[in-house]
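Enquirer: Numbering of the sequence shown is given in our numbering, commencing with residue 894 and proceeding in unit increments.
Quick reminder that beta carbons are idealized off the backbone N, C-alpha and C, glycines included.
Quick one: structure below, then a few questions.
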Amino acid sequence: MLAMKKSFSILFFLSFLLLEIICFGIFPNEFRLQSSLATCDGNTPTTTNAVAKAAPDIRVLLGVLTRADKYERRSLVRLAYALQPAPVRAVVHVRFVVCNLTKEEDAALVEIEVAAYGDIIVLNCTENMDNGKTHTYFSSVPRLFADAPYDYVGKTDDDTYYRLAALADALRGKPRRDVYYGFLTPCHNRPETQYMSGMGYVVSWDVAAWVAATVELRDDLKGPEDKVFGRWLRWGGRGRNVYGAEPRMYDYLDGEMRQGATCFRHTLQEDTVAVHKLKDNLKWARTLKFFNATEGHRHSVLYHVDH
Ligand SMILES: *[C@@H]1O[C@H](CO)[C@@H](O)[C@H](O)[C@H]1NC(C)=O
Ligand SMILES: *[C@@H]1O[C@H](CO)[C@@H](O)[C@H](O)[C@H]1NC(C)=O
Ligand SMILES: *[C@@H]1O[C@H](CO)[C@@H](O)[C@H](O)[C@H]1NC(C)=O
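Structural data, given as structure tokens:
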């Protein structure tokens, strides 16, 4: 009886969350939130920004696949996106994507986050690497956002920093159908088995809808999610407009690391679309500094920061 009550209340909470993601919550006005974190009625708190108000001609959903219990990383990633300059004439919604909230603390704390930021999607899946979470994500999105479809749906991880304006500009001139955009791996060889690296890839809405509608894919979930995704598209003959974003997408490298530059790893560059392998706060800090996120903030007697 108790167990029934508990699972009922979790179910109730899940449906609450599903409702919540459709209605994207409330934002504290104090935050300088950009269109990446806009509320679902389309209002951005930065309405004074005339540039951001130009009618968008492209809509992108970028899901950051993460785990419910990664609070610190999520707050850093959220902050990093909130401080990016708003993409011009584009809507890019960044949403954190987690599986079932199975722990009592996560159920409560993530609910609070949803109430404060409204940028979390809770999927009906069990958290695990490479167990089909990517499949659940791409096959849930077309249904969850049926009322306001996006042009493109992207998947990335919480160790990748996308530059949303650069992404929107890169996608703007591309077809709106049958698109598979990202970093092609392995580099430079065997096009017949290439796929987009899991650091972050984007497909057009029709491809996501195809993933959702194709039951056969549910029997093909084993293996690294990015490789598996590429296999599905090859099998189904989808995503034939392939765009490799190399070298504008890459793994992070700085002079203090022992590794050297490769076809997939190099130092930060100005026209970056996405940088991956930001595994710790120092790498995030250096990346944000490189892209001038630490510049131009109001000075105050209340703090002193040495750069
Ligand atoms: C969630 O997934 C489980 C197992 O796949 C399934 O049995 C259940 O019906 C799903 N629940 C909802 C609300 O979709
Ligand atoms: C997620 O949690 C709900 C509620 O406890 C449960 O019904 C469902 O089966 C779970 N889904 C998966 C895939 O574990
Ligand atoms: C950061 O600001 C400096 C100084 O204004 C500028 O030269 C540089 O191009 C900017 N970097 C990026 C990535 O925009």
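#1: For the segment 1025 to 1041 and the segment 1118 to 1135, state whether three or more C-beta atom pairs, one from each stretch, are separated by less than 8 Å.
#2: Do the CB positions of Tyr1094 and Gly1066 come within less than 8 Å of each other?
#3: Can you check DSSP and say which residues form a bridge with Leu1146?
#4: For Lys963, would you say it is in contact with chain D, using Cβ-to-Cβ distances shorter than 8 Å as the test?
#5: Would you say Leu1017 touches ligand 1, meaning its beta carbon is less than 7 Å from a heavy atom?
#6: Judging by CA-CA distance, which residue of Ser1032, Tyr1073, Tyr1143 is the nearest neighbour of Asp1164?
#7: Quick one: does the C-beta of Glu965 sit closer than 7 Å to a heavy atom of ligand 3?
#8: Output the distance between the C-alpha atoms of Ala1154 and Leu1146, rounded to the nearest integer angstrom.
#9: Please report how far the alpha carbon of Pro1135 lies from the alpha carbon of Leu1057, in whole angstroms.
#10: In the DSSP assignment, what are the bridge partners of Leu969?
#11: Should Trp1125 go down as buried or exposed, given a rule of 16 or more other Cβ atoms within 10 Å for buried?
#12: Give me the Cα-Cα distance between Ala1138 and Met1092, rounded to the nearest whole angstrom.
#13: Could you tell me the alpha carbon to alpha carbon distance between Thr1078 and Phe1157, rounded to whole angstroms?
#14: Where does Thr1049 fall in DSSP's three states?
#15: Specify, as a first and last residue, the run of the beta strand (DSSP E) that Tyr1074 falls within.
#16: Distance, Cα to Cα, Phe1122 vs Glu1109?
#17: Between the C-alpha atoms of Asn1174 and Leu972, what's the straight-line distance to the nearest angstrom?
#18: So, for Pro980: in the same chain, excluding its five sequence neighbours on each side, which residues have a beta-carbon less than 7 Å away from its beta-carbon?
#19: Tell me, please, whether the segment 955 to 963 touches the segment 987 to 1006 by the rule of three or more beta-carbon pairs shorter than 8 Å.
#20: Where does Leu1195 land, buried or exposed, given buried means 16+ other C-beta within 10 angstroms?
#21: If the criterion is Cβ atoms closer than 8 Å, does the pair Val1007 and Val957 meet it?
#22: Using the DSSP secondary-structure output, state which residues sit across from Ala983 in a beta bridge.
#23: Going straight from the alpha carbon of Ser1032 to that of His1192, what length do you get?
#24: Using a 10 Å radius around the Cβ and a threshold of 16 neighbouring Cβ atoms, would you call Phe909 buried or exposed?
#25: Please name the residue or residues paired with Gly958 in a DSSP beta bridge.
#26: Arg1069 and Ala1040 - do their beta-carbons sit closer together than 8 Å?
Expert: The short version:
#1: yes
#2: Working through the sequence shown from its first residue, we reach residue 1094 at position 201. Working through the sequence shown from its first residue, we reach residue 1066 at position 173. Taking 8 Å as the Cβ cut-off, Tyr1094 and Gly1066 do not qualify as a contacting pair.
#3: Translated into the one-based positions of the sequence shown, residue 1146 becomes position 253. According to DSSP, Leu1146 bridges with Thr1160.
#4: The chain labelled as chain D is not found in the depicted structure, where only one protein chain is given.
#5: Counting from one through the sequence shown, the residue named residue 1017 turns up at place 124. In the sequence under discussion, the amino acid at residue 1017 is Asn, which differs from the Leu named in the question. Yes, the Cβ of Asn1017 comes within 7 Å of a heavy atom of ligand 1.
#6: As a working mapping, residue 1164 is identified with position 271 in the sequence shown. Out of Ser1032, Tyr1073, Tyr1143, Tyr1143 has the C-alpha closest to the C-alpha of Asp1164.
#7: Here residue 965 refers to the residue found at position 72 of the sequence shown. The answer is no for Glu965.
#8: Looking up residue 1154 in the sequence shown gives position 261. Looking up residue 1146 in the sequence shown gives position 253. Those two C-alpha atoms are separated by around 7 Å.
#9: Counted from its first residue, the sequence shown places residue 1135 at position 242. Counted from its first residue, the sequence shown places residue 1057 at position 164. The sequence as given places Val at residue 1135; Pro does not occur at that position. Here the alpha carbon of Val1135 sits roughly 20 Å from the alpha carbon of Leu1057.
#10: In the sequence shown, residue 969 corresponds to position 76, counting from 1. Its beta-bridge partners do not exist; DSSP assigns none.
#11: If you number the sequence shown from 1, residue 1125 lands on position 232. Here Trp1125 is buried, its C-beta having at least 16 other C-beta atoms within 10 Å.
#12: The residue you call residue 1138 lines up with position 245 of the sequence shown. The residue you call residue 1092 lines up with position 199 of the sequence shown. Pairing Ala1138 with Met1092, the inter-Cα distance amounts to about 12 Å.
#13: Within the sequence shown, residue 1078 is the residue found at index 185, counting from 1. Within the sequence shown, residue 1157 is the residue found at index 264, counting from 1. Their Cα atoms are separated by approximately 8 Å.
#14: As a working mapping, residue 1049 is identified with position 156 in the sequence shown. In this structure, Thr1049 counts as strand in the three-state DSSP scheme.
#15: On the sequence shown, residue 1074 is found 181 positions in, with the first residue counted as 1. Per DSSP, Tyr1074 belongs to the beta strand (DSSP E) from 1072 to 1075.
#16: The residue you call residue 1122 lines up with position 229 of the sequence shown. The residue you call residue 1109 lines up with position 216 of the sequence shown. Cα to Cα, Phe1122 sits roughly 13 Å from Glu1109.
#17: Sequence index remark: in the sequence shown, residue 1174 carries index 281 (1-based). Sequence index remark: in the sequence shown, residue 972 carries index 79 (1-based). Asn1174 and Leu972: Cα-Cα distance of roughly 13 Å.
#18: The count along the sequence shown starts at 1 and reaches residue 980 at position 87. If we look at Pro980 and ignore the five residues flanking it on each side, its Cβ neighbours are Ser928, Leu1057, Ala1058, Ala1061.
#19: Yes, they touch.
#20: Position 302 of the sequence shown, counted from the first residue, corresponds to residue 1195. Leu1195 should be labelled exposed.
#21: Locating residue 1007 in the sequence shown gives position 114, where the first residue counts as 1. Locating residue 957 in the sequence shown gives position 64, where the first residue counts as 1. For Val1007 and Val957, no; Cβs fall outside 8 Å.
#22: As a first step, residue 983 is located in the sequence shown; it is residue number 90 there, counting from the start. Per DSSP, Ile951.
#23: For this step, residue 1032 is matched to residue 139 along the sequence shown. For this step, residue 1192 is matched to residue 299 along the sequence shown. One alpha carbon belongs to Ser1032, the other to His1192, and they sit about 46 Å apart.
#24: Stepping through the sequence shown from its first residue, residue 909 is reached at position 16. Bear in mind that a pLDDT of 41 at Phe909, under 50, signals an unreliable position, so the model cannot answer this.
#25: Working through the sequence shown from its first residue, we reach residue 958 at position 65. Checking the displayed sequence, the identity of residue 958 turns out to be Leu instead of Gly. Val990, Asp1050, per the DSSP bridge assignment.
#26: Here residue 1040 is taken as the residue at index 147 of the sequence shown, counted from 1. Here residue 1069 is taken as the residue at index 176 of the sequence shown, counted from 1. The residue asked about is misnamed: residue 1040 is Asp in this sequence, not Ala. Result no, Cβ atoms of Asp1040 and Arg1069 do not sit closer than 8 Å.
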